[in-house]
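Student: The opening position of the sequence shown corresponds to residue 1 in the working numbering, with each subsequent residue numbered one higher.
We put the beta carbon where it would ideally sit given N, CA and C, even for glycine.
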Amino acid sequence: MSDGAKVVALSGGIGGAKLALGLDRLLPACALTVVANTGDDFNHLGLHVSPDIDTLLYTLAGLDDPTKGWGRRDETWTFMKAIAALGGESWFLLGDGDLATHVERTRRLGAGETLSMVTEAFRQRFGIASRILPMSDDAVRTRVRTDEGWLDFQHYFVRRRCEPAVEALEFTGAVSARMAPDVAAAIADPALAAIIICPSNPYLSVDPILAVPGMREALRARRVPALAVSPIIAGQAVKGPTAKMMAELGLEPSAATVARHYEGLIDGLMVDALDADVEVPAGMRVFAAATLMRSLDDRIYLARTVLAAVAELAGGRA
Ligand code: GDP
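Here it is, written out as structure tokens:
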């Protein structure tokens, strides 16, 4: 990419943050803007919890817990033990260090800061070079219709461990939500060179971002290449309920289904080498590589491969 070129990446939590970390390590400081899903945000114990933003912050700051895959490393659990002993709500695990993030975020929001401002302040404190932005400063909340009725996202995801069968999803508040100002600016930036959809859950993590008015339209009207990385490898999710949900929604769990899901929004799909023969809608290019990210080197390799694919797509557009 040329000097000064900017990249916007749309991301959920764990899967998205893996690629975001690779891109962060590869690109110059401030070249990457990660737009985070906030559909998973919720109010818990009086605190504003933003799981995907926090996964991105902790991952890019090197504070994440690589074994658990969520939360902070070297975490302690005094608060959880104490609240459980009081008979309080203990189904959502909040480590002591993590708790500080939610307390300080809630305080700042209460003092009138936007979620964008709070996230930017935390990014600076953590010394992260890339920008992390909430998709919107307005509340958008993912709800899941299941065979047990409508469930708030964290109730489905954490409390019920994704066990209920998913029938439909809705993003409450999305129709009237405004794109966060810095997100709109990042997409309109003349220096923007590519839009990347990280290997996040297309339904739970990326669709809420696309539901923010103007987002889908911006992708459809893109002047730069857009590429998605499939979170499905050989019909399976690396982690989490993506493949299970696809089957419950009557869709075949495959990279081809991911391709159809993003039809019209992307120019290229990066699939795993195991899926190199994937069928995609007309006009979409397929790139195949090792997309399973176990190590930091894997993340950087995939980021480099994604940027090379985007450069190839840009050449095709010129
Ligand atoms: P969440 O918000 O924490 O659930 O995380 P995301 O939505 O960002 O990521 C979940 C998705 O990441 C799942 O569909 C996984 O299959 C996918 N994923 C996780 N690790 C990898 C990986 O190493 N490679 C690929 N291609 N996908 C991955």
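1. Does the ligand GDP have a heavy atom nearer than 7 Å to the CB of Ile233?
2. Return yes when the C-beta of Ser205 is under 7 Å from any heavy atom of the ligand GDP, and no when it is not.
3. I want to check one thing, is the minimum distance from the CB of Met293 to the heavy atoms of the ligand GDP below 7 Å?
4. One question on the structure: do Asp40 and Asp52 come within less than 8 Å of each other, judged by their Cβ atoms?
5. Please classify Ser295: is it buried, with 16 or more other beta-carbons within 10 angstroms of its beta-carbon, or exposed?
6. May I have the straight-line CA-CA distance separating Pro190 from Asp3, to the nearest angstrom?
7. Between the Cα of Leu133 and the Cα atoms of Ile195, Trp91 and Asp182, which residue gives the shortest distance?
8. Cβ-heavy atom distance between Asn201 and the ligand GDP below 7 Å?
9. Look at the alpha carbon of Ala375 and the alpha carbon of Trp77, and state the distance between them as a whole number of angstroms.
10. Buried or exposed, going by whether 16 or more other CB atoms sit within 10 Å of the CB of Val175?
11. Closer than 8 Å by C-beta to Gly127: which residues in its own chain qualify, once you throw out the five before and the five after it? Chain order, please.
12. Report yes if the CB atom of Arg220 is closer than 8 Å to the CB atom of Leu265, and no otherwise.
13. Compute the Euclidean distance between the alpha carbons of Ser200 and Pro231, then round it to the nearest angstrom.
14. Of the residues Gly283, Arg131, Asp267 and Asp275, which one's Cα is nearest the Cα of Ala314?
15. With H, G and I counted as helix, E and B as strand and the rest as coil, what does DSSP make of Met331?
16. Rounded to a whole number of angstroms, what is the C-alpha to C-alpha distance between Ala287 and Asp275?
17. Taking the alpha carbon of Arg161 as the reference point, which residue from Asp65, Leu93, Ala36 and Tyr262 has its own alpha carbon closest?
18. Does the count of Cβ pairs from the segment 204 to 219 and the segment 29 to 44 closer than 8 Å reach three?
19. For Phe171, I'd like the list of residues in its chain whose CB is within less than 6 Å of its CB, leaving aside the five on either flank, ordered along the chain.
20. On a Cα-Cα basis, can you pick out the residue from Arg105, Glu312, Ser90 and Leu227 that is closest to Glu263?
21. By Cβ distance below 6 Å, which residues in the same chain neighbour Ile147 in space, the five residues on each side in sequence not counted?
22. So, do the segment 251 to 263 and the segment 23 to 36 have three or more beta carbon pairs nearer to each other than 8 Å?
23. Report back the beta-carbon spacing between Leu21 and Arg299 to the nearest angstrom; my notes put them in contact at under 8 Å.
24. Relative to the C-alpha of Arg285, which residue among Pro225, Leu251 and Ala243 is closest?
25. Quick check: is any heavy atom of the ligand GDP less than 7 Å from the C-beta of Ile14?
26. So, is Lys239 buried or exposed, given that buried needs 16 or more other C-beta atoms within 10 angstroms?
27. Could you pull the start and end residues of the alpha helix (DSSP H) that Asp96 belongs to?
28. Among the candidates Thr67, Ala188, Glu120 and Leu192, whose CA atom is the shortest distance from the CA of Gly214?
29. Taking the alpha-carbon of His102 as reference, which of His48, Ala168 and Ile195 has the nearest alpha-carbon?
30. For Val278, which of helix, strand or coil comes out of DSSP?
31. When burial is assigned at 16 or more other CB atoms within 10 Å of the CB, is Thr67 buried or exposed?
32. If Leu45 and Glu75 are in contact, beta carbons under 8 Å, what's the gap, nearest whole angstrom?
Tutor: Looking at the coordinates:
1. Here residue 233 refers to the residue found at position 233 when the sequence shown is read from its first residue. Correct: Ile233 has its Cβ closer than 7 Å to the ligand GDP.
2. Walking along the sequence shown from the start, residue 205 turns up at place 205. Ser205: yes, Cβ under 7 Å from the ligand GDP.
3. On the sequence shown, position 293 is the one that residue 293 refers to. At least one heavy atom of the ligand GDP is nearer than 7 Å to the Cβ of Met293, so yes.
4. The residue given as residue 40 occupies position 40 in the sequence shown. The residue given as residue 52 occupies position 52 in the sequence shown. In contact: Asp40 and Asp52 (Cβ atoms closer than 8 Å).
5. Taking the sequence shown and counting its residues from 1, the one referred to as residue 295 is at position 295. Burial call: exposed.
6. One-based indexing of the sequence shown puts residue 190 at position 190. One-based indexing of the sequence shown puts residue 3 at position 3. Cα to Cα, the separation comes out at about 13 Å.
7. The count along the sequence shown starts at 1 and reaches residue 133 at position 133. Of the candidates Ile195, Trp91 and Asp182, the one whose C-alpha sits nearest the C-alpha of Leu133 is Asp182.
8. Position 201 of the sequence shown, counted from the start, is the residue given in the question as residue 201. Indeed, a heavy atom of the ligand GDP lies less than 7 Å from the Cβ.
9. Residue 375 cannot be examined here, being either before or after the span of the chain that is shown, 1 to 318.
10. Along the sequence shown, read from residue 1 onward, the residue named residue 175 stands at position 175. It is exposed - the Cβ of Val175 has fewer than 16 other Cβ atoms within 10 Å.
11. Stepping through the sequence shown from its first residue, residue 127 is reached at position 127. Only Ala61 meet the Cβ criterion.
12. Within the sequence shown, residue 220 is the residue found at index 220, counting from 1. Within the sequence shown, residue 265 is the residue found at index 265, counting from 1. Yes, they are a contact pair.
13. Working through the sequence shown from its first residue, we reach residue 200 at position 200. Working through the sequence shown from its first residue, we reach residue 231 at position 231. Whole-angstrom Cα-Cα distance: 6 Å.
14. Within the sequence shown, numbered from 1, the residue matching residue 314 stands at position 314. Checked all of Gly283, Arg131, Asp267 and Asp275; the closest Cα to Ala314 is Asp267.
15. This structure does not reach residue 331, given that the chain is present from 1 up to 318, and the question cannot be answered.
16. One-based indexing of the sequence shown puts residue 287 at position 287. One-based indexing of the sequence shown puts residue 275 at position 275. The sequence given here has Phe at residue 287, not Ala. Going from the Cα of Phe287 to the Cα of Asp275 covers about 10 Å.
17. To locate residue 161, count along the sequence shown from 1; it is residue 161. Comparing Cα positions, the closest option is Leu93.
18. yes
19. Your numbering for residue 171 matches position 171 in the sequence shown. Here the set comprises Gly39, Val140, Thr142, Pro208 and Ala211.
20. Within the sequence shown, residue 263 is the residue found at index 263, counting from 1. The residue with the shortest Cα to Cα distance from Glu263 is Leu227.
21. Stepping through the sequence shown from its first residue, residue 147 is reached at position 147. What sits at residue 147 in the sequence shown is Asp, not Ile. Taken in chain order, the residues that qualify are Pro164 and Ala165.
22. no
23. Walking along the sequence shown from the start, residue 21 turns up at place 21. Walking along the sequence shown from the start, residue 299 turns up at place 299. Going by Cβ atoms, the distance from Leu21 to Arg299 rounds to 5 Å, so yes, they are a contact pair.
24. Taking the first residue of the sequence shown as 1, we reach residue 285 at position 285. Looking at the Cα atoms, Pro225 is the closest of the given residues.
25. The residue given as residue 14 occupies position 14 in the sequence shown. Correct: Ile14 has its Cβ closer than 7 Å to the ligand GDP.
26. Residue mapping note: residue 239 aligns to position 239 of the sequence shown, counting from 1. Exposed is the call here.
27. In the sequence shown, the residue the question calls residue 96 occupies position 96. Per DSSP, Asp96 belongs to the alpha helix (DSSP H) from Asp96 to Gly110.
28. In the sequence shown, counting from the first residue as 1, residue 214 sits at position 214. The shortest Cα separation from Gly214 among Thr67, Ala188, Glu120 and Leu192 belongs to Ala188.
29. Counting from one through the sequence shown, the residue named residue 102 turns up at place 102. That would be His48, whose Cα lies nearest to the Cα of His102.
30. Counting from 1 along the sequence shown, the entry for residue 278 is found at position 278. DSSP places Val278 in coil when its eight states are reduced to three.
31. On the sequence shown, residue 67 is found 67 positions in, with the first residue counted as 1. When all chains shown are included, Thr67 counts as exposed.
32. If you number the sequence shown from 1, residue 45 lands on position 45. If you number the sequence shown from 1, residue 75 lands on position 75. No, Leu45 and Glu75 are not in contact; Cβ-Cβ is about 17 Å, not under 8 Å.
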